Amino acid sequence: MSTAVPVPEAAHPGRHGLLALALLFCLIWASAFTVAKIGLADAPPKLFLGVRFLLAGLLLLGLAAWREGRALLTWRALGIALLLGLLNNAIYLGFSHHAMARISSGLASVIISTNPILTGFLAALLLRERLGLARLAGLGLGLFGVWWILRHRVVMGDDPLGLAYAVAAVLSMVLGTVLFKRLGGGLGLVWSTGLQCLSAGLVLLPLGLWLEGWESLHWTPRFIGSLAYQVLAVSIGGYLLWLHLLRQYSATAASSYHFLIPPLGLGLGWLVLGEAVDPADLIGCLPIVLGIYLVNRPARP
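Sequential numbering from 14 applies to the sequence shown in the working numbering.
Below, the structure written as C-alpha cells:
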C-alpha cells in the first residue's frame, strides 16, 4: 500500500485561488449546520440523511459518467469508497444530526471544528506529515480558541448527550480524512464522491425506515428547501471542494480551515435561527484566526 506524499503548499501555483476555494468551503460547511437544523424540524436524522445522500449519490454518479467517462471500478476501489462513505458521510453526519437535535447548531459546529487538531496529530503519525513549531503553535492556538468557546457554551446548559454525539461525529471525520489521504482509491474525484454518498444513502435510508418510519418525514416547503440545499450545495459542492482541497494541501493544512467554522457557525446560528451568542464566543475566535495563519503560512525557501 503506497502512502501519498503531500506537496508543500508553497509549491502550488494557484495559492490564492486555493485560499478562495477553502474559504468558500468553510462558508458552505458552516451553513450546513444551520440549514440542517431547519430541516430536522420536519424529518428525523437518519431518514433526512438517507434521502439526501441517495439523491446526491445518484446525481454525482451521473455527473461522473458524463464528465470523467467510464470508471475502472475494482473491488479495492469500491471497498475504499464504501469505507470512506461510512466514515465521512453516514457516521459523521449521522452523529452530528443527532447532536443538533439536542444542542444548538453553533455549538455543534464548534465541537466538530476540532477536526484540525486531531487530524494534524493523526496525519503526523500515519502520513508522516511534518508539523514543525509554527504549525504546532497554530494548532494549539486553534484548540485554545475552540476550548474557550466550548467552555462557555457548556456553562449555558447544553445537553451532555448531544455533546457526546458531536464528539463521535468529529472522530469519524478525522479518521475518514486521514484514510482518504492514505488510501486514495484510484478513482476520479466525482466518481469517488458519488460512490461515498451513494454508499451512505444505502446504509442510512433503510436504517431510517426501520427505526424512524417513513410517516415521520414531512415534505413541507421548509424541509424540501433544506434538502435541496444539503444535496446540491453541501453534499455535491461542499464535498467536491473538500476532497479537492485534500488533494492540493496536506491533510493538516486543509483541515486547519475548519477553525473558521466556529465563528461562521455561531454567526449563522444567531442570524438565521436566533441562537444566543455569548461575547466570550467572539473572544475565542481571535486565537482561531491566528492559528489558521500559522498553520497555512508559506514555508521559507
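Quick reminder that beta carbons are idealized off the backbone N, C-alpha and C, glycines included. All figures in this text were calculated on a predicted structure; none of them were measured in a lab.
Counted as a single uninterrupted DSSP element, the alpha helix (DSSP H) harbouring threonine 206 occupies residues 202 to 224. Taking the C-beta atoms as reference points, serine 239 is found no nearer than 8 angstroms to alanine 114. In the structure shown, glycine 175 falls within a helical segment according to DSSP collapsed to helix, strand and coil. When the five nearest sequence neighbours on each side are left out, the beta carbons in the same chain lying within less than 6 angstroms of the beta carbon of alanine 56 are those of Leu230 and Phe236, in order along the chain.
Cβ atoms of phenylalanine 66 and cysteine 210 come within 8 angstroms of each other, at about 5 angstroms. With contacts defined as CB atoms closer than 8 angstroms, leucine 273 and leucine 154 fail to qualify as a contacting pair. Closest option to alanine 54, judged by alpha-carbon separation, among His111, His165, Ile130 and Ala33: His111.
Taking glycine 145 as the centre and dropping the five residues before and after it, the same chain places no C-beta closer than 8 angstroms to its C-beta. In the three-state reduction of the DSSP assignment, threonine 87 falls in the coil class. Note that the C-beta distance between proline 275 and serine 117 is not below 8 angstroms. Rounded to the nearest angstrom, the Cβ distance from alanine 103 to alanine 266 is 26 angstroms, too far for a contact under 8 angstroms. Of the residues assessed, isoleucine 296 falls on the exposed side of the cut-off, its CB having fewer than 16 other CB atoms within 10 angstroms. With respect to glycine 158, glycine 280 sits apart: the two C-beta atoms are not nearer than 8 angstroms. In this structure, Gly250 is the residue among Val167, Gly250, Thr132 and Thr206 with its C-alpha nearest to the C-alpha of serine 44. In the structure shown, serine 117 falls within a coil segment according to DSSP collapsed to helix, strand and coil. Annotation for glycine 221: Pro57, Lys59, Leu60 and Gly63 place their beta carbon closer than 7 angstroms to its own, counting only its chain and skipping 5 residues before and after.
It is roughly 45 angstroms from the alpha-carbon of cysteine 298 to the alpha-carbon of arginine 83. Boundaries of the alpha helix (DSSP H) around asparagine 128: 128 to 139. By the neighbour-count criterion, in which 16 or more other beta carbons inside 10 Å mark a residue as buried, glycine 226 falls on the exposed side. Boundaries of the alpha helix (DSSP H) around histidine 257: 252 to 261. Put simply, the backbone Cα of glycine 30 is about 17 angstroms away from that of isoleucine 41.
Taking each of Ala182, Trp255 and Ala35 in turn and checking the Cα distance to serine 109, the smallest one comes out for Ala182. If you look at isoleucine 274, you'll find it in the alpha helix (DSSP H) that goes 274 to 286.
Annotated as distal: leucine 253 and valine 187, with beta-carbon spacing of 8 angstroms or more.
Around the CB of arginine 148, 16 or more other CB atoms lie within 10 Å, so the residue is classed as buried. Around the C-beta of valine 244, 16 or more other C-beta atoms lie within 10 Å, and the residue is accordingly described as buried.
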